[in-house]
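Peer 1: I have a structure I would like to understand better, so I am pasting it below and will then ask my questions one at a time.
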Amino acid sequence: MIETISAEELARDPGYPGMTPRHVAQTVYYAPFKKLTEADLEGFWVLEYRWPNGCTPYGLMFCELALTWAMQYASHHSPLPPTNGYDMRVAGTHLFGSELALDSEAILEARDQRLVKRLPQFIDNFDHIWTQEIDALMVANRLIESYETPGAKSGRDGRLSGVYA
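And the structure:
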């Protein structure tokens, strides 16, 4: 049976067991990853679609670093879209996201000027940049493929067997 709770009750939830501010990395660009509060209920929040049933501590860490900090960092260095990235809140094991508005015309203008200055060089040099990125990915892939896991046995087809399968 599905249980429905109110947004207010969700905001009052103490949070993921053991998740305290001292365990959150606080890698902040514009807004920190934090617990949903009753004050947040005034805004528009969307259940994070990747984890509709909640997530694990590792998933929370991914959201803090990859979805919150990295998207805010990327938005600062790119004029598109004109936002400050993604704001994220956690309620229990569930994640909610919202756009971080960019209200400063001066910042938007500065981002536009950076694009005007950098885009022509990027386009002119795209093939070289693309080749460098592919080469870097291939080096990383070969490193991962050559990693030997102690105690793991390889099957006839070369795949790891046992616990790692």
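Quick note: to get this note's numbering, add 1334 to the position in the sequence shown (first position is 1). Idealized CB from N, CA, C, for every residue including glycine. No experiment lies behind these values; they were computed from the predicted model shown.
#1: In this structure, how does DSSP classify Y1420 when only helix, strand and coil are distinguished?
#2: Name the residue from R1384, D1446, I1468, T1465 whose alpha carbon lies nearest to the alpha carbon of H1428.
#3: Which of the three DSSP states, helix, strand or coil, is assigned to E1343?
#4: Which residues in the same chain as R1346 place their Cβ atom closer than 8 Å to its Cβ, once the five residues preceding and following it in sequence are excluded?
#5: Please return the same chain residues whose Cβ sits closer than 6 Å to the Cβ of L1449, not counting the five positions on each side in sequence.
#6: For the structure I just gave you, are there three or more beta carbon pairs, one from the stretch 1453-1461 and one from the stretch 1415-1430, closer than 8 Å?
#7: Assign R1452 to one of two classes, buried (16 or more other C-beta atoms within 10 Å of its C-beta) or exposed (fewer than that).
#8: Considering just the uninterrupted stretch of the beta strand (DSSP E) at S1432, what are its terminal residues?
#9: Sort E1382, R1445, A1408, A1474 by Cα distance to S1432 and report the nearest one.
#10: Mapping DSSP to helix, strand and coil, what is V1450?
#11: Any chance the stretch 1337-1344 sits against the stretch 1386-1405, with 3 or more Cβ pairs inside 8 Å?
Peer 2: For this structure:
#1: When DSSP states are grouped into helix, strand and coil, Y1420 belongs to the strand group.
#2: Here the closest residue by C-alpha is R1384.
#3: E1343: helix per DSSP, three-state reduction.
#4: Here R1346 has E1372 as same chain residues with Cβ atoms under 8 Å from its own Cβ, once five neighbours each way along the sequence are excluded.
#5: So the list reads P1413, once near-sequence residues are dropped.
#6: No, the stretch 1453-1461 is not in contact with the stretch 1415-1430.
#7: With fewer than 16 other Cβ atoms from the protein chains shown falling within 10 Å of its own Cβ, R1452 counts as exposed.
#8: In the DSSP assignment, S1432 falls within the beta strand (DSSP E) that extends over 1428-1435.
#9: Checked all of E1382, R1445, A1408, A1474; the closest Cα to S1432 is E1382.
#10: Reduced to three states, the DSSP call for V1450 is helix.
#11: Cβ pair count under 8 Å is below three, so no.
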